[in-house]
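Using my numbering, read the sequence shown as starting at 109 and increasing by one per residue. In this text, a Cβ means the ideal position worked out from N, Cα and C, and glycines have one as well. If you're wondering where the values come from, they're calculated on a predicted model, not measured in any experiment. One structure is given below, encoded as structure tokens.
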Amino acid sequence: MKKIKFVFLNTIIIIFIAAGLAFSAEVKNTSTAIVPASAKAVPAIKPAPAVKPAPVPPPASPAPSSKVAPAVKPAPIQNPTQPAAAPVPAPAPVDNYSYNPSGKPDPFKPYIVVVDTAALKKQIVKKAATSIFPLQRAETEKYRVVGIAGDKDHRVAIAEDAAKKFYPLLNGTRIGLNNGKVVEIMADRVIVEEYENNKAKRIILKLRKN
Numbered sequence: 109m110k111k112i113k114f115v116f117l118n119t120i121i122i123i124f125i126a127a128g129l130a131f132s133a134e135v136k137n138t139s140t141a142i143v144p145a146s147a148k149a150v151p152a153i154k155p156a157p158a159v160k161p162a163p164v165p166p167p168a169s170p171a172p173s174s175k176v177a178p179a180v181k182p183a184p185i186q187n188p189t190q191p192a193a194a195p196v197p198a199p200a201p202v203d204n205y206s207y208n209p210s211g212k213p214d215p216f217k218p219y220i221v222v223v224d225t226a227a228l229k230k231q232i233v234k235k236a237a238t239s240i241f242p243l244q245r246a247e248t249e250k251y252r253v254v255g256i257a258g259d260k261d262h263r264v265a266i267a268e269d270a271a272k273k274f275y276p277l278l279n280g281t282r283i284g285l286n287n288g289k290v291v292e293i294m295a296d297r298v299i300v301e302e303y304e305n306n307k308a309k310r311i312i313l314k315l316r317k318n
């Protein structure tokens, strides 16, 4: 049994040695067969033949023109002592605009209107003379209260004008040139309210006992 093992081991060793020798011999043959690229001869590069330049043709001379250029006249020499001609002024533009004042405010008229009180009173007197109501034909102060009758709930006053005519006064009666109105009748007086220049004004007419 020991002999068999020994023979088997020797056989394996011999096989490995033979395989190693065969592999080394094959590697040696392949190394000698491969030639490096640097060892190959590089063919010499022939220089390119020189190219001769093409001859440049001479420039063509321009054809003679049959037309002759006109002679240039020299500018006249001005006399330095002679004054230059004055420039002619351009005509002024004609303005055809005309102002039409219709429907436009007068620029020369002041904005502040001065009211002539005397003329206004004359107009009021003239208007009062044509009034159909006798109590509105004179100023409120021109009327005299000559009598008051009734109680505090309902009173009636009697007014007398310059012509000695008598007129009844009730609450709401219009009197005077400024469209006055009786607002209250008391036991001894009549209170009239007027509006002059948008301002309320109260006038008291006292009862005349004599």
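Pick helix, strand or coil for residue i, following the three-state DSSP scheme.
| i | result |
| --- | --- |
| Phe131 | helix |
| Phe274 | strand |
| Lys113 | helix |
| Lys229 | helix |
| Ile121 | helix |
| Lys250 | helix |
| Ala194 | coil |
| Ala200 | coil |
Determine which residues share a DSSP beta bridge with residue i and list them.
| i | result |
| --- | --- |
| Ile312 | Ile299 |
| Gly255 | Ile266 |
| Val290 | Val300 |
| Ile240 | Answer by DSSP bridge pairing: none, since Ile240 is not bridged. |
| Arg282 | Lys289 |
| Lys307 | Glu304 |
Look at the Cβ atom of residue i, then the Cβ atom of residue j, and state whether they are nearer than 7 Å.
| i | j | result |
| --- | --- | --- |
| Phe274 | Ile283 | no |
| Arg310 | Arg252 | no |
Please check the pair residue i and residue j, which I expect to be a contact at CB under 8 Å, by giving their CB distance rounded to whole angstroms.
| i | j | result |
| --- | --- | --- |
| Glu330 | Gly288 | The structure shown has nothing for residue 330, since the chain only spans 109 to 318. |
| Arg297 | Leu313 | 6 Å |
Of the residues the options, which one's Cα is nearest the Cα of residue i?
| i | options | result |
| --- | --- | --- |
| Gln244 | Val300, Asn306, Asn118 and Ile120 | Val300 |
| Pro276 | Pro197, Ile122, Lys212 and Gly255 | Gly255 |
| Gly56 | Ile293, Ala130 and Lys113 | Past the boundaries of the shown model lies residue 56; the chain is included only from 109 to 318, so the question cannot be answered. |
| Ala295 | His262, Ile120 and Thr119 | His262 |
| Glu247 | Glu304, Lys111, Ala130 and Ala194 | Glu304 |
| Pro242 | Glu134, Glu268 and Asn306 | Glu268 |
| Lys272 | Lys250, Val291, Val202 and Asn286 | Lys250 |
| Val290 | Ile125, Asn306, Val264 and Lys307 | Val264 |
Would you say the beta carbon of residue i is closer than 6 Å to some non-hydrogen atom of the ligand COA?
| i | result |
| --- | --- |
| Ile311 | Because no ligand of any kind appears in the structure shown, any question about the ligand COA cannot be addressed here. |
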